[in-house]
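>
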Amino acid sequence: MVDWIMYGKIQEKKRDGLNKSQTSRHLGIDYKTVLKYWDMTPDDYSATRIAADCRIKKADRYKNFVLDCLQKYPDMSAAQVYDWLKERTGMETLEFQERAFRSYVKEIREEYAIIKPEANRQYEAVDELPMGKQGQVDMGEIILETISGRHKKVYCFAMVLSCSRYKFVLWQERPFTTDSFIEAHVRAFSFYGGRPQELVYDQDKILAVSENHGDIIYTEGFQNYLNEVKFDIFLCRGADPESKGKVENVVKYTKHNFAKHRIFRDIDSFNADCIAWLRRTGNGKRHGTTKQIPAEVFKFEREYL
């Protein structure tokens, strides 16, 4: 809920003849916030404010933490704040559900006029494959603040099983080479306790050096690994979101829900925190597309690897 000052500014813009959209732009607040208070009388606002102040919310004990997060990182999602609360309290479940917490965060944003920048949604292919059939691999990078206040770029390898959406993520401090790319596969298959029949990749110089009449020529190191492990490969051609949308969403999700706004200390603790995040959230939270919990589905898919 906005404070008296912001309520007064909304009413002032209304008296000045501005419409709701213009008021939203002039004051830098969400259009829905303007709409909520546009026709509200001072008496109605006062009554609403008193009722809100008297209502004790379970999340109020964390209000200062939530406010600090939003003021420092206005683009921070309610989901990430909720995950940070679980991580910092060491609690697997909080005394309030994430759905209620989203509303709570929205109210904090309204009260302190903290606007969340809009972000473009990324496409995800929704075609489903049999258990154990396919995994998808991609890499990403992000710049993080260090404990010394400087900034550092770190690089991630992500693999996701296409059926269960069970994810594995590995971070390192240097760009991936063929050797570290292979090592990431070894650690991913160990994490899963097996491997899928097929893996989907971009045509990346780490694994493919050229294409000869439609045949992919792999780097020597990756070809040797492929000869040893023997899984099928599908390489995406250029901009092909349908064939690799699942893992590109995993990279984006990991960067924005886990890594973004974290203070980087060292790569080992960062990877340990990421594995804990995967257990708690990345694989433990209901998937938006499948409406299932990846960890629960993986209990069945692991038998097909």
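The sequence shown begins at 877 in the working numbering and counts up one residue at a time. Just so you know, even glycine gets a beta-carbon here, dropped at the ideal spot from N, CA and C.
Give the DSSP-derived three-state secondary structure of Phe972 in the structure shown.
coil
> Taking just the CA atoms, how far does Ile1151 sit from Cys1034?
It is Ala, not Cys, that sits at residue 1034 in the sequence shown. Cα to Cα, the separation comes out at about 12 Å.
> According to the neighbour-count rule (16 or more other Cβ atoms, all chains shown, within 10 Å of its Cβ), is Gln858 buried or exposed?
Because the chain spans 877 through 1181 in this model, residue 858 falls outside it and cannot be assessed.
> What is the rounded straight-line gap between the Cα of Val1085 and the Cα of Arg1178?
Annotation: Val1085 to Arg1178 spans about 32 Å, alpha carbon to alpha carbon.
> Tell me Phe1110's beta-bridge partners as DSSP assigns them.
Val1076
> Who are the Cβ neighbours of Gly1097 in its own chain at under 7 Å, not counting the five residues just before and after it?
Thr1054, Asp1055, Ile1058
> Please report how far the alpha carbon of Ile905 lies from the alpha carbon of Tyr1129, in whole angstroms.
26 Å
> Helix or strand or just coil, what does DSSP make of Met882?
helix
> What do you get for Tyr938, buried or exposed, if any count of 16 or more other CB atoms within 10 angstroms of its CB means buried?
buried
> In the DSSP assignment, the beta strand (DSSP E) including Phe1033 goes from what residue to what residue?
1027-1037
> Given this structure, state the Cα-to-Cα distance separating His1027 from Leu1020, to the nearest angstrom.
5 Å
> Taking the continuous alpha helix (DSSP H) assigned at Lys1175, which residues delimit it?
Start and end: 1170-1177.
> Label Thr917 either buried or exposed according to how many other C-beta atoms from any shown protein chain fall within 10 Å of its C-beta, with 16 as the threshold for buried.
exposed
> At which residue ranges does the segment 904-950 contain complete alpha helix (DSSP H) runs of 4 or more residues, listed in the order of the chain?
907-914, 918-930, 939-948
> Please state whether DSSP places Thr1144 in a helix, a strand or coil.
Note that residue 1144 is Asp in the sequence shown, not Thr. Correct three-state label for Asp1144: helix.
> Judging by CA-CA distance, which residue of Trp914, Arg901, Ser979 is the nearest neighbour of Ala935?
Ser979
> Locate the beta strand (DSSP E) running through Glu1004, then write down its first and last residues.
Looking at the DSSP string, Glu1004 is not in any beta strand (DSSP E), and its letter there is neither H nor E.
> Exposed or buried, Glu1104, counting other C-beta atoms within 10 Å across all chains shown (16 or more means buried)?
exposed
> Taking the Cβ atom as the reference point for each residue, do Phe1134 and Thr1022 lie within a distance shorter than 9 Å?
no
> Apart from the five residues just before and just after Val910, which ones in its own chain have a Cβ nearer than 7 Å to its Cβ?
Ile886, Lys896, Thr899, Ser900
> Let's see if you can read the secondary structure: which residues bound the beta strand (DSSP E) around Phe1044?
First-last of the beta strand (DSSP E) with Phe1044: 1043-1048.
> Name the DSSP beta bridge partners of Ile1019, please?
Answer is Lys1029, bridged to Ile1019.
> Under the DSSP definition of a beta bridge, which residues are partnered with Gln1012?
Val1036, Val1076
> Between the C-alpha atoms of Asp1014 and Gln1168, what's the straight-line distance to the nearest angstrom?
Taking the straight line from one Cα to the other gives about 23 Å.
> So, using beta-carbon positions, are Ala954 and Lys982 closer together than 9 Å?
yes
> Please name the residue or residues paired with Tyr1094 in a DSSP beta bridge.
Ala1084
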